[in-house]
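Heads up: the structure comes next, in structure tokens.
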Amino acid sequence: MTQSFKDKAVIVLLAAAAAAFTITFIAIEEQAEIFALILFAAALVFAGAKFGFTRSIAQSLSRNERLMNVAVIAATLVVIFWFREDHFPLLMIATVMLYVIACCGLNMQFGYTGVVNFAGAAFFGVGCYTAAVLGDTSIPLLLVIILGGVIAAIVGSVLIIPVLRTRGHYAAVVTIAFGLLFRTFLEVNDTLGGPQGLGVSGMNLFGWDFNNNIEITENIELSFYLNYVILALVMVILTFVLMRRIERSWIGLNFDAVRLDETAAACFGINIKRWKIVAFTLGNFLAGTAGALYAMMLGFIAPSNFAFSDSLILVSIVLLGGMGSLWGTILAAGLVVLLPEKLQVIQEYRFLIYAVVMILILLFRPQGILPRGLRAYIPGWRG
Amino acid sequence: MAQQQETVLAFRELTRRFGGVVALNKFDMELTNGQILGLIGPNGSGKTTSFNVLTGIYEANGGSIEFLGQDITSWPAQKVYEAGVARTFQRSRLCLELSIFDNIMIGNHKRLDQGLLFNIFKRKALREQIRENHEEARKLLKIFDPALADKMFDPVGSLRMIDRRRIEICRALISHPRLLLLDEPSAGMTHEETRELMDDILEVREMIDGLSIILVEHEMGMIERVTDKCIVLNFGQKICEGAYRDVASDKLVQEAYLGGE
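Just so you know, the sequences run in chain order A and B. Those letters in the first sequence? Residues 1 to 383, by UniProt numbering. Those letters in the second sequence? Residues 1 to 261, by UniProt numbering.
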């Protein structure tokens, strides 16, 4: 019993600690306290790595994947319900979640298959505009979210030929150009609101209006953002299931083979073009769905939300978390979205800080904060 | 071994140029069922180029390649593999950050279910397929090294050179090819290791029906021991063909390859 009991205790404690940390981090306002908390967390991580705790914790986690998943979802729910009445924290949490989904899309393209995409924000934006345009029609809004993904994937197909023909820097330039064109197109297109942007109607699920606060009793009124956070959480879970299933299948293996050695992959029958197209399309789909819900949540979108710098933020989340690492994506999305909101001091310098952090990561820890592990086709099974 | 003299592979005046350099010059060659052919010659004589043209990495500039009665001259690499040609590379081309099992399964591509919906939704059937293939890969790897077969989920990057070679050969053999191309399997290994490796390959050949092998090699001991026939290339041209003993005593070959004693 000892080993498995210990593993389970570690997971539960870790999830509780993570929830407590996140709540504290989001709740406190005093800049000095926030700094202190960040330093405390950094010290903890370094000490853990130094004394080998990190490794044994990682082993406990990988042995009990199902429990870990449940614990993470439970911890997330605790955090969400802690802030049930506060608009701003819930908005931030939902934003982190939608960034996680979009970055999972980039991970599919970039982390798994090696297809670079510096236009992530553009595909996110296609989802946003889909929600803005179709939100007022009679199409059910849940379907609009899916359509946001579908249309992002279709728009992405314009890029497929150049993406297949180019590699490395050239592919990067092609996608950057696409991102810039997309924004310019929105700015000059009057039907899509031009530079002023468009209003977006809120989510409505079977008559349940997401934009109304939830009144429980006269004294208890929950923030309407709670609706969005919960829907976003459901979407994150579905995205994770998809990402996992793909990674732990022959498709994930094909993706890796394409990324690591195209020549060898071709010599063993792997159709390079097919898998690049699959990864690119699925990735854009995910970014589009995230964008659609984001637009409904904000209620208003404009071309300036989808600048090149926003694409860079998405790419930097993927690199920071670790290419192809799902847990890393959550951690990195949390850091990149929340830190500038909490630390007003760095807000103005945030791109400068991102740049420095990216350079440091690429130099000293190119595999990211939480590197992706080896493929475990069947969790806990090693033959 | 009883074998029919069926032709598996034939080159007819196969030519490949790189700019002004003629890497393969009207190369004629024939390989029969179950035969092991040694391809020898000095560096840059066109041995690896002939593998690359055959497997569809390079296009031929002239001539034709026939494999099991089909003209495969302009086939892409994927199709050549599907038809039953598998290879190793001169400089090992494994995916170092993937596990042993992953690497071997890359070689098994044509026997795995590659459907998108199957992989995402039919998880039970997929798991069954994973288990079956794992067992098969284990059995194959066990012939080469039993210890390695117990480390199927270790990253290849953590292994020694000889183990990487073994895995590369398993990756090529797992799909039961009709033709195996070995590009300098002894590179970077000791005599003893090379000997061991070749014994294992011969053992596997007995298991796969009618497997023919082309071996590019500088290690003459190995060529002498395992090949049925040798072809010597120099500047992209075939200068001699026959049993090793005849080839080694050929005057032209000694001049070109052994340095003219």
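By construction, the Cβ of each residue, glycine as well, lies at the ideal position given by its N, Cα and C atoms.
- Between residue 85 of chain B and residue 185 of chain B, the CB-CB gap reaches or exceeds 9 angstroms.
- Taking a C-beta cut-off of 9 angstroms against chain B, the contacting residues of the segment 254–270 of chain A are 254, 256, 257, 259, 260, 261, 263, 264, 265, 266, 267, 268, 269 and 270, listed in chain order.
- In the displayed model, residue 28 of chain A falls within coil according to three-state DSSP, outside both helix and strand.
- Judged by their CB atoms, residue 63 of chain B and residue 223 of chain B are not nearer to each other than the 9 angstroms cut-off.
- Using beta-carbon distances, residue 278 of chain A counts as an interface residue toward chain B, with a partner under 9 angstroms.
- Positions of the beta strand (DSSP E) runs, each at least 3 residues long and wholly inside the segment 44–82 of chain B, are given as 62–67 in order along the chain.
- Look at residue 193 of chain B here: in three-state DSSP terms it is helix.
- By the C-beta density criterion, residue 32 of chain A is exposed, having fewer than 16 other C-beta atoms within 10 angstroms.
- In the DSSP assignment, residue 234 of chain B falls within the unbroken beta strand (DSSP E) covering 229–234.
- The C-alpha of residue 322 of chain A lies about 20 angstroms from the C-alpha of residue 261 of chain A.
- For residue 10 of chain B, the three-state secondary structure derived from DSSP is strand.
- DSSP links residue 242 of chain B through a beta bridge to B/230.
- Residue 152 of chain B is positioned such that its CB atom lies no closer than 9 angstroms to that of residue 166 of chain B.
- DSSP places residue 29 of chain B outside any alpha helix (DSSP H); the residue lies instead in the beta strand (DSSP E), whose first and last residues are 21–32.
- Rounded to whole angstroms, the separation of the alpha carbons of residue 10 of chain A and residue 47 of chain A is 17 angstroms.
- Within the segment 200–227 of chain B, no residue places its CB atom closer than 7 angstroms to a CB of chain A.
- Using beta-carbon distances, residue 143 of chain B does not count as an interface residue toward chain A, since no partner is under 9 angstroms.
- The C-alpha of residue 370 of chain A is placed about 17 angstroms away from the C-alpha of residue 51 of chain A.
- Residue 106 of chain B places its beta carbon less than 9 angstroms from that of residue 253 of chain A.
- Residue 257 of chain A is positioned such that its CB atom lies no closer than 9 angstroms to that of residue 57 of chain B.
- Beta-bridge partners assigned by DSSP to residue 168 of chain A: none are found.
- Excluding five sequence positions before and after residue 279 of chain A, the CB atoms of its chain that fall closer than 7 angstroms to its own CB belong to 108, 109, 112, 113, 115 and 255, given in chain order.
- In this structure, residue 183 of chain A sits near residue 122 of chain A, with a CB-CB distance shorter than 9 angstroms.
- For chain B, the residues of the segment 367–380 of chain A that bring a beta carbon within less than 8 angstroms of one of its beta carbons are 374, 375, 376, 377 and 378, in chain order.
- By the criterion of at least three beta-carbon pairs nearer than 8 angstroms, the segment 190–206 of chain A is in contact with the segment 284–296 of chain A.
- Residue 94 of chain A: member of the alpha helix (DSSP H) spanning 87–106, first to last residue.
- Closest in C-alpha terms to residue 67 of chain B, from the list B/127, B/95 and B/180, comes B/180.
- Interface with chain A (9 angstroms Cβ-Cβ cutoff): residue 55 of chain B is included.
- Cβ neighbours of residue 284 of chain A within its own chain (closer than 7 angstroms, five residues either side excluded): 105, 123, 152, 153 and 156.
- The beta carbon of residue 208 of chain B sits closer than 8 angstroms to the beta carbons of 173, 176 and 177 from its chain, once the five residues preceding and following it are set aside; these are given in chain order.
- Annotation: residue 253 of chain B is outside any beta strand (DSSP E); the continuous alpha helix (DSSP H) that includes it extends over 251–256.
- For the pair residue 214 of chain A and residue 224 of chain A, the CB atoms are nearer than the 9 angstroms cut-off.
- Not a single CB atom of chain B sits nearer than 9 angstroms to the CB of residue 167 of chain A.
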